[in-house]
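What follows is one structure encoded as structure tokens, with my remarks underneath.
In my numbering, the protein residues as written are 161 to 414.
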């Protein structure tokens, strides 16, 4: 446990020194502000840009518009930047051979991988939580009496999918020892999920539905029970990815 905590501390120091933590926090903080502000004021800005004499009736902004922006921005911007930042979490050290010194001092390979995944998971949780809290507070200011159904479950679905992608990044890095390989691993997984969605029996159980369709929860178009199988499958895939990465890394020549 002491070795795990020491390596975890070392990972956080590296994130601070390389500005990875700063970049991610600024991106997710900006997204947190952007979601409610764009939903609240974009119709007014669009109306002001119309030529004189032209009037268009735009719908009044609602809290659901802000949460739709939240889901869109996190899935299309936040997740992509998260993957790019953490695509090197194991591949760089494997290429440079910097882990050999730690291994000769008795640090186990399992501890290294678990600490790397834990640190990435904590950073993702903190940054995502900041974005959610900022969006939630501004939504409360703009639309104080609005109730959003199943909000926490919808937020959890995106978080869990991010955890799954980080596990796949780690597995891809161990397999290929390159950041490109890590990104290809997650990209390939997403393509497989999209392929599964073409078949009706698999469409509602593939894990990517956690990020592509969880807004339906907030809109009342789907029920929490519809996400039970994708959630369980995502948890299973996280366990398989981490276990596979550990087994491969234990027998890998550095």
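C-beta atoms are modelled at their ideal positions from N, C-alpha and C, and glycine is treated no differently.
Length of the line joining the Cα atoms of residue i and residue j
i, j, result
"residue 256", "residue 356", "38 Å"
"residue 186", "residue 404", "33 Å"
"residue 324", "residue 277", "11 Å"
"residue 347", "residue 332", "10 Å"
"residue 168", "residue 253", "15 Å"
"residue 326", "residue 335", "14 Å"
"residue 251", "residue 339", "6 Å"
"residue 384", "residue 377", "7 Å"
"residue 241", "residue 184", "8 Å"
"residue 413", "residue 269", "12 Å"
"residue 393", "residue 366", "8 Å"
"residue 318", "residue 263", "35 Å"
"residue 198", "residue 226", "8 Å"
"residue 358", "residue 247", "29 Å"
"residue 298", "residue 196", "6 Å"
"residue 283", "residue 181", "7 Å"
"residue 362", "residue 223", "32 Å"
"residue 372", "residue 397", "18 Å"
"residue 108", "residue 410", "Residue 108 lies beyond the residue range present for the chain, which begins at 161 and ends at 414; the question has no answer from this structure."
"residue 162", "residue 271", "10 Å"
"residue 261", "residue 345", "28 Å"
"residue 386", "residue 228", "19 Å"
"residue 364", "residue 177", "42 Å"
"residue 170", "residue 311", "35 Å"
"residue 294", "residue 300", "10 Å"
"residue 172", "residue 201", "38 Å"
"residue 391", "residue 302", "32 Å"
Where the alpha helix (DSSP H) through residue i begins and ends
i, result
"residue 301", "269 to 302"
"residue 253", "251 to 256"
"residue 407", "388 to 410"
"residue 169", "162 to 177"
"residue 378", "375 to 379"
"residue 261", "259 to 264"
"residue 243", "239 to 246"
As assigned by DSSP and simplified to three states, the class of residue i
i, result
"residue 322", "helix"
"residue 187", "helix"
"residue 349", "helix"
"residue 365", "coil"
"residue 180", "helix"
"residue 308", "coil"
"residue 230", "helix"
"residue 338", "coil"
"residue 384", "helix"
"residue 358", "coil"
"residue 196", "helix"
"residue 236", "helix"
Integer-rounded CB distance, given that residue j should sit under 8 Å from residue i
i, j, result
"residue 314", "residue 375", "7 Å"
"residue 164", "residue 275", "6 Å"
"residue 281", "residue 233", "The Cβ separation is near 21 Å, so there is no contact."
"residue 191", "residue 238", "6 Å"
"residue 399", "residue 309", "The pair is not a contact, with the Cβ atoms about 30 Å apart (cut-off 8 Å)."
"residue 320", "residue 370", "6 Å"
"residue 273", "residue 407", "Not confirmed; about 10 Å, so no contact."
"residue 290", "residue 189", "6 Å"
"residue 243", "residue 343", "6 Å"
C-beta neighbour in chain C for residue i, strict 9 Å
i, result
"residue 241", "The structure shown has no chain C; it contains just one protein chain."
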